[in-house]
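Data first, discussion second: the structure below is written as structure tokens.
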Amino acid sequence: MIPPIASRFVAGETPAEALEHARELNEGDVKVILNLLGEHYDERGPAEDDAETYKQLVADIGDTEVDACISIKPSQIGLDVGDDVFDELLGEIVDVADEAGTFVWVDMEDRHTTDATLDAFEKYARETDGNVGVCIQANLKRTPEDLERLADVPGKVRLVKGAYDEPKSVAYKEKSRVDQQYRDLLRQMFEEFDDGIAVGSHDPEMIAMARDLHAEHGTPYEIQMLMGVREDAQFDLASEGVEVWQYAPYGGKWLSYFYRRVRERKENVTFALRAVLGR
Numbered sequence: 002m003i004p005p006i007a008s009r010f011v012a013g014e015t016p017a018e019a020l021e022h023a024r025e026l027n028e029g030d031v032k033v034i035l036n037l038l039g040e041h042y043d044e045r046g047p048a049e050d051d052a053e054t055y056k057q058l059v060a061d062i063g064d065t066e067v068d069a070c071i072s073i074k075p076s077q078i079g080l081d082v083g084d085d086v087f088d089e090l091l092g093e094i095v096d097v098a099d100e101a102g103t104f105v106w107v108d109m110e111d112r113h114t115t116d117a118t119l120d121a122f123e124k125y126a127r128e129t130d131g132n133v134g135v136c137i138q139a140n141l142k143r144t145p146e147d148l149e150r151l152a153d154v155p156g157k158v159r160l161v162k163g164a165y166d167e168p169k170s171v172a173y174k175e176k177s178r179v180d181q182q183y184r185d186l187l188r189q190m191f192e193e194f195d196d197g198i199a200v201g202s203h204d205p206e207m208i209a210m211a212r213d214l215h216a217e218h219g220t221p222y223e224i225q226m227l228m229g230v231r232e233d234a235q236f237d238l239a240s241e242g243v244e245v246w247q248y249a250p251y252g253g254k255w256l257s258y259f260y261r262r263v264r265e266r267k268e269n270v271t272f273a274l275r276a277v278l279g280r
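In terms of this note's numbering, the sequence shown opens at residue 2 and continues consecutively.
Here it is as structure tokens:
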């Protein structure tokens with residue numbers, strides 16, 4: 002059993018529980034991004050197992066007709082084993098999802114994975130005419146150039162502030178500087194992208210800015226937030242006609258998920274506590 006503090010952030014241990022969570026959110030016009038917990042496998046076997054689980058999840062989404070898609074961590078499907086394994090397994094999942102009409106997000110992990118993740122995204126986004134998305138992180142100094150590369154790639158790009166504790170040589174560390182970078186990148190996306198902007202933020206200022214930029218440029222966008230964080234705001238935005246997606250992890254590895262998040266960055270502890278307290 003998942004304890005109450007964790008169940009706020011994890012949509013159960015089984016696909017059935019995760020799909021039921023998605024169904025309940027759909028009733029409030031909030032769509033769901035389902036992520037099977039698991040990462041940093043250094044052997045092919047576990048990566049193949051999770052890839053098969055994702056393929057079955059795609060089938061289950063179709064059978065239940067919930068408004069949901071999937072999101073995958075590269076190290077979960079073989080990136081730590083080898084770039085070729087990651088490419089192979091991601092390709093299998095994307096093929097199944099594209100045939101079923103289910104969107105596939107590729108999460109971004111630490112700085113060592115950025116190039117391989119962007120290469121895989123561009124390859125499969127072009128092959129599926131945009132049925133794949135990728136996450137990029139505002140705290141990384143390289144991100145403005147990455148956005149230039151991605152502007153004409155079909156698919157979607159999710160902009161987040163970044164949760165990994167990267168060195169100063171490659172990332173901005175001060176919150177105010179990261180916030181400014183996020184605003185600059187958001188403006189760049191609305192000006193240069195034709196479609197596919199996902200605003201991955203719980204910050205009311207960034208959400209309001211996205212709305213203003215949409216009114217100015219007309220570029221379609223969506224808001225993405227985590228399960229358990231500002232859920233009232235998620236439903237409020239959806240009721241106002243904003244497309245809202247909730248990122249909902251599930252699975253048996255919930256304990257290692259929280260432990261890893263806490264170890265990565267001390268700010269994650271504060272973030273989780275504020276979410277539980279509703280602040």
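Ideal Cβ placement from N, Cα and C applies to all residues, glycine included.
Check, Outcome
"Contact under 8 Å by Cβ, residue 241 with residue 218", "no"
"Proximity to residue 42 [Cα-Cα], best of 86, 24 and 22", "86"
"Within 8 Å, strictly: CB atoms of residue 158 and residue 134", "yes"
"Environment of residue 15 [buried if 16+ CB atoms lie within 10 Å]", "exposed"
"Buried or exposed (CB count within 10 angstroms, at least 16 for buried), residue 231", "buried"
"CB contact flag (residue 248, residue 72, <8 Å)", "yes"
"Simplified DSSP assignment, three categories, for residue 11", "coil"
"Close beta carbons around residue 243, own chain, < 8 Å, minus the five adjacent residues each side", "212, 223 and 224"
"Ordered list of alpha helix (DSSP H) runs contained in the segment 79-140, each at least 4 residues", "84-101 and 115-128"
"According to DSSP, residues forming a beta bridge with residue 32", "246"
"Residue 156 - DSSP class collapsed to helix/strand/coil", "coil"
"Reference residue 46, options 76, 153 and 236, closest by Cα", "76"
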